[in-house]
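Chains as they are written, first to last, in the working numbering: chain A, 1 to 470; chain B, 1001 to 1538.
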């Protein structure tokens, strides 16, 4: 019996999403279904045999990598499976947190749809159709960001506008690129297509000055939904961007491209760090920290000749886990505090010590605090940035301090009693379904921070899909 | 693997005590477990003296298939061993002397805390690489903060606790950047080969942690950290920073930093003098402990700046061992007061005593005005020690018979460690050193004691008559100095700057997020492109 991999990782989750969507009123069932599907597909992707043949007792299932649909090909190669495993695992983890009250019911089915669409985008041929699939994903994501009725949120409109602007730019760039390969390097088309491509990706990734939707959406939507969004889209788009580098020699050989990417990376790190450091709104700070992380991704891309792609890939899962814990703690605290500002969360650590610790450690992990998950990668990346240029290295380091500063300010606020004259005892007010996931994730972050080699080499296999970038 | 043995034993014992305390609390059994583990740890560290340097690689992140750098390793060398012995000795002494403090802060959980903090302290001071040091510092800091926040009075001093934690985090960040600079200068290195280019940043990291360089003392009024676990929690982080100081390169003051050296020395001299004076006039040794730490740490840091990092060992050991002798001497027993005089052995700096090798660190390239100021600070520290040691006491009747045996044993153990340091502590510990400075210091001490007696100033503690001019002047000056040293002015300045920058960023953000935000975005984009393309000139 011959099947194909896109059927498993694209069509099957779409079907499940439809069922989950139909069962939206049965919260527990829809969570179980989504989580099992997501984790099941993640596990399958992680363990899938290289010969694409599954033997279950007498049954032997041979898979092909392609699925023809409407005259296009969707390909899910074996090499890309580690990445697919990551995004499905994280989808499962995030939908697990959707039991929190006030999480939009649309979040569960949409999360599966988004992951399926972006999986397809990573392997569609002609690959420019990915832009269309990404645009569909952006449109589909809107309902999960909305907080019930009322006027449309300006942040979501901004998100939709800026992200939609990216699609024509990418398509136009792709159209130009088909001719560029045969042109001499000094042709003006080379520069024009590169600028269009750069602008398109800048819009998609929320690069300064196109970032304004991120804090706006973060402030108004549920943190767990935002966390999922800001992990999934930039991560998949960055992997998609590798297609361009892999395919077009002129892009790889473009003079100053590495420096430009590094420059934008450092600018993003500094701007994101500054904005994060001075926030008083916890949700907006989460949004601004995404800018810093995008900066690190760009810096890693700019260091492609020094092995930057490895750091880029290694950052994905660590960042995902950090974002997950951060958004989980924020979502949980949002249920206990009126709003998530420094003033509102004053002294909350004495009542919710584990959630508070989770929040602080998640932020420290993302910032690259020693002992925690991102530290080994941030250390290597900052070291390479410093070696590439003193100014780049120093500014990256300073920008990265922004999140540390914010975390210390937050810690101060979490510990400051509402009334400084009354003695408040420490007590554990969290429920087990709030503190257990936090404790488990803290443990995972520590283990990853100490033994990055033991857990992380799988994700690097994704790079074998990009043969020209080896 | 033997390096991990004492750490493993201490951690296992701590865990066992906690479990026992939860299941079936038994004071005696817990004490036996704690003291047994500490004795084994103490003996192991002693045995390790025969195998220096000993190193063990625990984890290596550098692998061909994954481009990560660094390794986690432990290294016990001549610079770390004295501190390791001092720390384990203090722990054993804490547990033994705790037998006499059962009515105060001596509980099985406090012993478990002591053992755990000591294990982490050993891990930190035996760090072979800066990565290991960073990681252990993070663990120690988090545990220390958690411990302090659990104290009842933390409700009032949370601000100081967070500021102290912030200063510690800053020291870790300093270590982070120092590591990056060091790697750039000479590739991966261990802590015995810190590159000169990164040396000063490592010094700043250690100095920040010790609170001396730049001076920061968030805990001028100590939280309720008394003698047992409180003593360990105060001294273990100090030991790891001191061990880093001893490993710094001798030539860390690069030519570009040379012109700043007098300012650095001035800062350290001010810290040593002020802290020495506050130690001398403190109401008791526990109230004076933060000043004791800062003053000796200032001498140790000065030794490094003067290019004699090995001399910092002498001052570091003086901080830890004789200091602990004073801090653990409670309850006071009149006929045991003489034991305190043995503590002077580790402080006085006379030829062939442990501190004798420290003088070279204060001299550096020659006697200067700064040497004199540090000498004065040294005199004040010893006078303060005598002042606190000679306070009367008498609670012997309250001790149980077994406590009467183990309590002095704990103190004698510290004295024995001081003697050991003088003999075999580190290469060059048994030396005449700059003997004249030791003699001058002793003469100044004797002169000060005689003058004090003539003026009628006697223990229990040094204080001047309330009506005296000196008291009035000090009453005005000391609070100001204290405010300056607590860096409240700096925090307020930062707060103001923070407010202004925050306001500017908020306004900028509001513009970008307003209804016309997209137009502003496009304008910014055009500006950005024109800047990047050289303003459109070409």
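Glycine included, C-beta positions come from ideal geometry on N, C-alpha and C.
In the assembly as shown, residue 409 of chain A is a buried residue. Its beta-carbon has 16 or more other beta-carbons within 10 Å. Taking 9 angstroms as the CB threshold, residue 316 of chain A stays off the interface with chain B. Within a 10 Å sphere around the beta-carbon of residue 1401 of chain B sit fewer than 16 other beta-carbons, which makes this residue exposed. Interface criterion not met: the Cβ of residue 1147 of chain B is under 9 angstroms from no Cβ in chain A. Taking the Cβ atoms as the reference, residue 158 of chain A lies roughly 6 angstroms from residue 216 of chain A, within the contact range of under 8 angstroms. Using a CB distance below 8 angstroms, the part of the segment 1112 to 1144 of chain B facing chain A consists of 1131, 1134, 1135, 1137, 1138, 1139, ordered along the chain. The three-state reading of DSSP puts residue 215 of chain A in helix, counting H, G and I together. Taken through DSSP and simplified to helix, strand or coil, residue 1069 of chain B comes out as strand. In the DSSP annotation of this structure, the continuous segment of the beta strand (DSSP E) that includes residue 1057 of chain B starts and ends at 1054 to 1063. Residue 1127 of chain B is bridged by DSSP to B:1074. Rounded to the nearest whole angstrom, the CA to CA distance from residue 290 of chain A to residue 403 of chain A is 11 angstroms.
For residue 66 of chain A, there is no enclosing alpha helix (DSSP H); the residue is part of the beta strand (DSSP E) that begins and ends at 66 to 69.
Within the segment 308 to 334 of chain A, contact with chain B at the beta-carbon level (separation under 8 angstroms) is assigned to 310, 311, 314. No beta strand (DSSP E) of 3 residues or more sits fully in the segment 125 to 212 of chain A. Residue 1180 of chain B and residue 368 of chain A have their C-alpha atoms roughly 14 angstroms apart.
Any Cβ of chain B closer than 9 angstroms to the Cβ of residue 351 of chain A would place that residue at the interface, and such an atom is absent. Taking C-beta separations shorter than 8 angstroms and ignoring five residues to either side along the sequence, the partners of residue 1491 of chain B in its chain run 1163, following chain order. For residue 73 of chain A, the pairing in a beta bridge is given by DSSP as A:68, A:125. Below the 7 angstroms Cβ cutoff, chain A contributes no neighbours of residue 1107 of chain B, its closest Cβ being approximately 18 angstroms away. The Cβ atoms of residue 214 of chain A and residue 399 of chain A do not sit closer than 9 angstroms to each other. Cβ proximity to chain A below 8 angstroms picks out 1498, 1501, 1502, 1505, 1506, 1509, 1512, 1513, 1515, 1517, 1518, 1520, 1521 from the segment 1493 to 1521 of chain B. Not flagged as an interface residue toward chain B: residue 186 of chain A, since no C-beta distance is shorter than 9 angstroms.
Taking residue 396 of chain A as the centre and dropping the five residues before and after it, the same chain places the C-beta of 266, 269, 299, 382, 385 closer than 7 angstroms to its C-beta, in chain order.
In this structure, DSSP gives residue 63 of chain A an extended state, which the three-state scheme calls strand.
In the structure shown, the three-state DSSP call for residue 1348 of chain B is coil.
For residue 34 of chain A, the uninterrupted alpha helix (DSSP H) segment begins and ends at 27 to 47.
As computed with DSSP, residue 4 of chain A is found in a beta bridge with A:64. For residue 1430 of chain B, no alpha helix (DSSP H) encloses it, and the DSSP letter there is neither H nor E. Less than 9 angstroms divides the Cβ of residue 347 of chain A from the Cβ of residue 418 of chain A. Considering only A:22, A:273, A:192, A:231, the residue with the shortest C-alpha distance to residue 322 of chain A is A:231. Around the beta carbon of residue 1062 of chain B, fewer than 16 other beta carbons sit within 10 angstroms, so the residue counts as exposed. For the options A:68, A:50, A:107, A:58, the alpha carbon positioned closest to that of residue 79 of chain A is the one of A:50.
Within the segment 423 to 445 of chain A, 423, 424, 426 place their CB atoms closer than 8 angstroms to a CB of chain B, listed in sequence order.
Only residues of its own chain outside the window of five on either side were considered, and among them 176 have a CB closer than 7 angstroms to the CB of residue 192 of chain A, listed in chain order. According to the DSSP assignment, residue 464 of chain A belongs to no beta strand (DSSP E), since it is labelled neither H nor E. Using a 10 angstroms sphere on the CB of residue 1186 of chain B, the tally of other CB atoms stays under 16, which defines it as exposed.
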